[in-house]
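Sequence order for the protein chains is A and B.
Heads up, the first sequence stops at 225 in the working numbering, and the numbers go up one at a time, no gaps.
Heads up, the second sequence stops at 320 in the working numbering, and the numbers go up one at a time, no gaps.
Virtual Cβ for every residue (Gly too), placed ideally from N, Cα, C.
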Amino acid sequence: MIVVTGASKGLGRAICDRLLTKDFEVFGLARNVTGTPFPSMSCDVSSYEAVKAVVQKLKKDGVKITGLINAAGIASMNLAVTTPPAVSQNIVQTNLLGTIFCCQLIAPLMLRHKAGAIINFSTIAVALGLKGESIYAASKAGVEGFTRAFAREMADFNVTVNCVAPGPIDTNLLKGVSPLQVGRIVAQQIIPRQFTPDAVSDLVELLLDSRSSSLSGQVLHVGGA
Amino acid sequence: MTDTTMLQSQVYDAISALLEDTSRKVGDDTPLLGDGSLLDSMKLVELCLSLEDLASGLGFEFDWTSDVAMSKSRSMFRTAGALAGEFISQMDAKK
């Protein structure tokens, strides 16, 4: 079974939908899972106790976890100097600590059978240092650093840990970013075109496949950066 | 054998089961971390998983990410005895 955070909408939901078409068993986590057409549980990943409750349920159900996809994330496009402290805290708490909490609590379920793949999410904003995204980029840079070091910790257990860093993909996360701004970011990618959630799902599929078992601690940029 | 002694013995057995050198005896002062420790990081995680299973069989959840795990002077992983003590303490607290 693959655990996917941020499963109710955006990239997380697109990934769940793709995995289901490929006959993966998916367990979705999101703050609101009402109407989610696959097994899921309400969970705010920024809460250690909430993630712990998920793990207790998974243990109780005795399911074998083979993958974790940390797609839950929030963004706020603002200059750092105009961002309220509560917003900064919320971004770091959800994007960085949420990823860390899920990794440290759910990974042990994979360590038991010495196999698995963990996929975290960063952003092109880290590689490009995008103006107006400094706090968001900082939270995701933390995810990249965590991914690289955590990959080493997991390597003994045959669990890979990688990071997918998309450019601007057309999801709710982009609301508030104008088409002109999106165009400017896309123009800085190595492949200067806007990719869809399908491209991200393709990479996720690749990283879940045993044929990518030689890849760990990597950051894969959708569109190139 | 008292319950405490029996549990301590089970924790020591879990440590012994992970040792490559089976002639090493595990006692109260056997270091688990740092210089002279018996376990590398991989074995330490395996030990935690093993103790999680033992705790589950005893009807409680062994928390190996507690604050006690982080303290250098009080770390539950500093010695086998400290680990057994923390294990028993967590069991008593969750009864």
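Does the beta-carbon distance from A/I185 to A/I124 come in below 8 Å?
Numbered from 1 along the first sequence, position 185 holds the residue referred to as residue 185 of chain A. Numbered from 1 along the first sequence, position 124 holds the residue referred to as residue 124 of chain A. Yes, these two residues count as a Cβ contact at 8 Å.
Whole runs of the alpha helix (DSSP H) within the region 232-300 of chain B, excluding any shorter than 4 residues:
266-283 and 292-295
For A/D156, decide whether its Cβ has a neighbour in chain B, counting only Cβ atoms nearer than 8 Å.
If you number the first sequence from 1, residue 156 of chain A lands on position 156. Chain B contact via Cβ: present.
Flag this pair as touching only if the region 4-17 of chain A and the region 36-43 of chain A have three or more C-beta atom pairs under 8 Å; answer yes or no.
yes
Could you tell me which uninterrupted alpha helix (DSSP H) segments, each at least 4 residues in length, are contained entirely in the region 99-133 of chain A, listed from first to last along the chain?
124-128
Examine chain B for any beta-carbon lying closer than 8 Å to the beta-carbon of A/P179, and answer yes or no.
Against the first sequence, residue 179 of chain A aligns to sequence position 179. No, A/P179 does not count as interfacial toward chain B.
Taking contact to mean 3 or more Cβ pairs, one atom from each stretch, closer than 8 Å, check whether the region 51-63 of chain A and the region 149-159 of chain A are in contact.
no
At a Cβ cut of 9 Å, what residues of the region 91-113 of chain A count as close to chain B, listed as they run along the chain?
Q104, L105, P108, L111 and R112
Taking the alpha helix (DSSP H) that A/V204 falls in, what are its first and last residues?
Here residue 204 of chain A corresponds to residue number 204 of the first sequence, with the count starting at 1. Per DSSP, A/V204 is one residue of the alpha helix (DSSP H) stretching across P197 to L208.
Below 7 Å CB to CB, which residues in the same chain sit around A/E144 once its five sequence neighbours on both sides are set aside?
Within the first sequence, the letter at position 144 stands for residue 144 of chain A. Taken in chain order, the residues that qualify are S122, V126, C163 and V219.
Hey, A/G217 and A/F195 are a contact pair by Cβ (cut 8 Å); roughly how many whole angstroms apart?
As a position in the first sequence, residue 217 of chain A is number 217, starting the count at 1. As a position in the first sequence, residue 195 of chain A is number 195, starting the count at 1. Their Cβ separation, rounded to whole angstroms, is 23 Å, which puts A/G217 and A/F195 out of contact at 8 Å.
Residue environment, A/K140, which counts as buried when at least 16 other CB atoms sit within 10 Å:
On the first sequence, residue 140 of chain A is found 140 positions in, with the first residue counted as 1. Buried, since its Cβ has 16 or more Cβ neighbours within 10 Å.
Residues that B/L274 contacts on chain A, provided the C-beta gap is smaller than 8 Å
Sequence index remark: in the second sequence, residue 274 of chain B carries index 49 (1-based). The contacting residues are P108, L111 and R112.
For chain A, find out if any of its Cβ atoms is closer than 8 Å to the Cβ of B/M267; answer yes or no.
The residue you call residue 267 of chain B lines up with position 42 of the second sequence. At least one chain A Cβ lies under 8 Å of B/M267.
So for B/F312, helix, strand or coil by DSSP?
To locate residue 312 of chain B, count along the second sequence from 1; it is residue 87. Of the three classes helix, strand and coil, the one that applies to B/F312 here is helix, per DSSP.
Start-end ranges of the alpha helix (DSSP H) lying completely within the region 149-204 of chain A, minimum 4 residues:
179-187
Starting from A/L29, trace the beta strand (DSSP E) both ways and give me its first and last residue.
Residue numbering aside, residue 29 of chain A sits at position 29 when the first sequence is read from its first letter. DSSP places A/L29 in the uninterrupted beta strand (DSSP E) bounded by V26 to A30.
Element boundaries [alpha helix (DSSP H), containing A/R33]:
To locate residue 33 of chain A, count along the first sequence from 1; it is residue 33. The sequence given here places Val at residue 33 of chain A; Arg does not occur at that position. Counting along the chain, A/V33 sits inside no alpha helix (DSSP H), nor does DSSP assign it H or E at all.
Is there a C-beta anywhere in chain A that falls below 8 Å from the one on B/V236?
Taking the first residue of the second sequence as position 1, residue 236 of chain B is located at position 11. Taking Cβ atoms only, chain A never reaches closer than 8 Å to B/V236, which makes this a no.
Taking DSSP as the reference, what is the three-state secondary structure of A/G10?
Sequence index remark: in the first sequence, residue 10 of chain A carries index 10 (1-based). In the structure shown, A/G10 falls within a helical segment according to DSSP collapsed to helix, strand and coil.
Please determine, among B/M267, B/P256, B/G252 and B/M231, the residue with the shortest C-alpha to C-alpha distance to A/K114.
The sequence position of residue 114 of chain A within the first sequence is 114, counting from 1. Cα-wise, what sits closest to A/K114 is B/M267.
Under the rule that 16 or more other beta-carbon atoms within 10 Å means buried, what is A/I118, buried or exposed?
Sequence index remark: in the first sequence, residue 118 of chain A carries index 118 (1-based). A/I118 should be labelled buried.
Using CA atoms only, rank isn't needed, just tell me which of A/G73, A/V51, A/S88 and A/L215 is closest to A/S134.
Your numbering for residue 134 of chain A matches position 134 in the first sequence. When only C-alpha atoms are compared, the closest one is A/S88.
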